[in-house]
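Protein chains in written order, with this note's numbering: chain E, 55 to 221; chain F, 55 to 221.
Here's the structure, in structure tokens; my notes come after.
Protein chains: 2
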Amino acid sequence: MSDEQSLGTVEVALSPLERFEEYLQSRGMRNTDQRRMLVEQVFSHHEHFDADTLIDKLPRKGQPGHVSRPTVYRTLNEFVDAGLLRKFELDGRAVYEHDYGYPQHDHLYCKQCQRLIEFQSAELIALRDAVARENSFRVTSHRLIITGICETCQRARRRTKRRVDLV
Amino acid sequence: MSDEQSLGTVEVALSPLERFEEYLQSRGMRNTDQRRMLVEQVFSHHEHFDADTLIDKLPRKGQPGHVSRPTVYRTLNEFVDAGLLRKFELDGRAVYEHDYGYPQHDHLYCKQCQRLIEFQSAELIALRDAVARENSFRVTSHRLIITGICETCQRARRRTKRRVDLV
DNA sequence: ATCATTGCAAAAGATTTGCAAGGTC
DNA sequence: GACCTTGCAAATCTTTTGCAATGAT
Numbered sequence: 055m056s057d058e059q060s061l062g063t064v065e066v067a068l069s070p071l072e073r074f075e076e077y078l079q080s081r082g083m084r085n086t087d088q089r090r091m092l093v094e095q096v097f098s099h100h101e102h103f104d105a106d107t108l109i110d111k112l113p114r115k116g117q118p119g120h121v122s123r124p125t126v127y128r129t130l131n132e133f134v135d136a137g138l139l140r141k142f143e144l145d146g147r148a149v150y151e152h153d154y155g156y157p158q159h160d161h162l163y164c165k166q167c168q169r170l171i172e173f174q175s176a177e178l179i180a181l182r183d184a185v186a187r188e189n190s191f192r193v194t195s196h197r198l199i200i201t202g203i204c205e206t207c208q209r210a211r212r213r214t215k216r217r218v219d220l221v
Numbered sequence: 055m056s057d058e059q060s061l062g063t064v065e066v067a068l069s070p071l072e073r074f075e076e077y078l079q080s081r082g083m084r085n086t087d088q089r090r091m092l093v094e095q096v097f098s099h100h101e102h103f104d105a106d107t108l109i110d111k112l113p114r115k116g117q118p119g120h121v122s123r124p125t126v127y128r129t130l131n132e133f134v135d136a137g138l139l140r141k142f143e144l145d146g147r148a149v150y151e152h153d154y155g156y157p158q159h160d161h162l163y164c165k166q167c168q169r170l171i172e173f174q175s176a177e178l179i180a181l182r183d184a185v186a187r188e189n190s191f192r193v194t195s196h197r198l199i200i201t202g203i204c205e206t207c208q209r210a211r212r213r214t215k216r217r218v219d220l221v
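This is the structure we're talking about:
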């Protein structure tokens, strides 16, 4: 019953910004314009993104609200530490997704259009824990990525193939 | 059942070197000393490795059998194309493992000692295919990494903790 | 006032590439 | 001999870091 693009949210007491401010306070870190700007931008859409995509969405150098590249990287790491974001690697670069207030899930990755499709599976968690138990392994987390071709791209590909065959 | 370090091998007609030579021929590529050296080195041990580890095991610059860094990278990519190796990302760098003649498996990754422990799970494959079917997704491959602390490191940690507690 | 944070420029680490010289078919 | 491959140096890409100036508490 889960939609591909939105697996629903979990009840949370605080907004991401509030949660982050709490984190900053607890560590004696400061609540700056840049950090607020980035929380806002990052949590305004529920998509997977990388550092460059995020930087592209921010105001350019000189414009108000601009944040420098090093600060973006630094702050993304803070978001991960604070439990706001989860980070993983795809094709050699870091990809981020919402973690705070968002349920555990895994991904189908279309190597044609680079789209990530989310899915949830309780059986996967059970399987993971069973494997861990057999190996006396203490699980912290896991990451499953199923790579292939999504429905849309399969259709496009078939169409192209047919066209090519006819020529 | 399966040993952690060796999941057994699959019946294959050709040795990795023979298979690679076939691949080279079929593509009009050449059978060079460097390529032969690297096939030999890579398939002499069944361990996960990265480019640097491999380079460290090769003769140094000046010694016979030395292969330059760019050629190592180029050749590793060829091995992946040829189906000899599988490549994945771990902590931001590429890790390789035998693919040709070796059964499909997944990994437990100890973040303490960086060791990769292999396991096989038919249920995982079934689960993967079921999820793909539900999403009309055509699977090419998948990668599951379960991160945590291995048995050995758990023991070491407990010992350390106890020691610390006593001081 | 103190001390964290920012932005800049530069560094770092992993991997790739242009090109001339050398090797394979 | 044709042309693929190698090694070198340099480039690339992504991410990190040193440091002086700036800003938050």
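The beta-carbon is built from N, C-alpha and C at its ideal position, and this holds for glycine as well.
Review point. Alpha carbon to alpha carbon, what distance is there between E/Leu181 and E/Ala67?
Key: Going by C-alpha positions, E/Ala67 is about 31 Å away from E/Leu181.
**Study point:** Nearest-angstrom Cα separation, counted from F/Asp145 out to F/Arg98
**Key:** Position check: residue 98 of chain F holds Ser in this sequence, whereas Arg was assumed. Within the model, the alpha-carbon separation for F/Ser98 versus F/Asp145 is close to 25 Å.
Exercise for review: List the whole-angstrom C-beta distance separating F/Leu170 from F/His161, where the pair is believed to meet the contact cut-off of C-beta under 8 Å.
Suggested key: 5 Å
Check your understanding: Counting only beta-carbon atoms, is E/Thr201 nearer than 8 Å to chain F?
Key -> Answer yes: the Cβ-Cβ gap between E/Thr201 and chain F drops below 8 Å somewhere.
Review point. Looking only at DSSP bridge pairs, what is E/Ala186 linked to?
Key: DSSP lists no partner for E/Ala186.
Point to revise | Short CB-CB distance (under 8 Å) between E/Val134 and chain F | key: Not a single CB atom of chain F sits nearer than 8 Å to the CB of E/Val134.
**Study point:** Under the three-state DSSP convention, the category E/Val93 falls into
**Key:** E/Val93 sits in a helix when the DSSP states are folded into three classes.
Review point. Which term fits F/Cys167, buried or exposed, when burial requires 16 or more other beta carbons within 10 angstroms of its beta carbon?
Key: So F/Cys167 ends up on the exposed side.
Exercise for review: Identify whether E/Leu162 lies in helix, strand or coil by the three-state DSSP scheme.
Suggested key: DSSP places E/Leu162 in strand when its eight states are reduced to three.
**Study point:** Through-space distance from F/Leu71 to E/Thr129, alpha-carbon basis
**Key:** E/Thr129 and F/Leu71 have their C-alpha atoms some 48 Å from each other.
Check your understanding: Would E/Glu151 pass as a contact of E/Leu138 if the rule is Cβ separation under 8 Å?
Key -> no
Check your understanding: Any idea what DSSP makes of E/Tyr154, helix, strand or coil?
Key -> Coil, per DSSP.
Check your understanding: Taking only beta-carbon atoms, is E/Ala176 less than 8 Å away from chain F?
Key -> no
Review point. Are the segment 193-209 of chain E and the segment 108-115 of chain F touching, with three or more C-beta to C-beta distances below 8 Å?
Key: Touching, no, given that fewer than three Cβ pairs across the two stretches are closer than 8 Å.
Exercise for review: Please name the residue or residues paired with F/Gly119 in a DSSP beta bridge.
Suggested key: The partner list for F/Gly119 (beta bridge, DSSP) is empty, contrary to what the question assumes.
Review point. Measuring CA to CA, which of E/Ala186, E/Asn85, E/Val149 is closest to F/Phe173?
Key: For the residues E/Ala186, E/Asn85, E/Val149, the minimum Cα distance to F/Phe173 belongs to E/Ala186.
Check your understanding: Between E/Glu205 and F/Pro157, what straight-line distance do the alpha-carbon atoms span, to the nearest angstrom?
Key -> 28 Å
Practice item. Specify, as a first and last residue, the run of the beta strand (DSSP E) that E/Leu170 falls within. Key: 170-173
Practice item. Indicate the three-state DSSP secondary structure (helix, strand or coil) for E/Phe142 in the structure shown. Key: strand
Check your understanding: Closer than 8 Å, CB to CB, is E/Gln208 near chain F or not?
Key -> It does; some Cβ of chain F falls within 8 Å.
Practice item. Mind checking who F/Thr201 pairs with in its DSSP beta bridge? Key: E/Ser195, F/Tyr163
Review point. Which class does E/Arg211 belong to by DSSP, given the choice of helix, strand or coil?
Key: Note: E/Arg211 maps to helix in three-state DSSP.
**Study point:** Whole-angstrom distance between F/Val134 and F/Arg123, CA atom to CA atom
**Key:** 17 Å
Practice item. Using alpha carbons as the reference points, say which of E/Leu78, E/Arg147, E/Val126 lies closest to E/Met91. Key: E/Val126
**Study point:** Partners in chain F for E/Lys165, counting only beta-carbon separations shorter than 8 Å
**Key:** Residues of chain F with a Cβ closer than 8 Å to the Cβ of E/Lys165 are, in chain order, Thr194.
Check your understanding: Is the CB of F/Val126 under 8 Å away from at least one CB in chain E?
Key -> No, no contact with chain E.
Check your understanding: Taking F/Arg212 as the reference, which of E/Gln88, E/Glu188, E/Arg192 has the closest Cα?
Key -> E/Arg192
Practice item. In the DSSP assignment, find the alpha helix (DSSP H) that holds F/Pro70 and state where it starts and stops. Key: 70-80
Point to revise | Through-space distance from E/Lys141 to F/His100, alpha-carbon basis | key: 30 Å
Review point. So what's E/Ala105 in DSSP terms, helix, strand or just coil?
Key: helix
Practice item. For F/Ala186, return the contacting residues in chain E, with the cut-off set at a CB-CB distance below 8 Å. Key: The answer, in chain order, is Leu162, Ile200, Gly202.
Practice item. Could you check how far apart the C-beta atoms of E/Leu108 and E/Gln88 are, in whole angstroms? I think they sit under 8 Å. Key: The Cβ separation is near 12 Å, so there is no contact.
Point to revise | Whole-number beta carbon distance between F/Asp183 and F/Arg147, since they are thought to touch under 8 Å | key: Going by Cβ atoms, the distance from F/Arg147 to F/Asp183 rounds to 30 Å, so no, they are not a contact pair.
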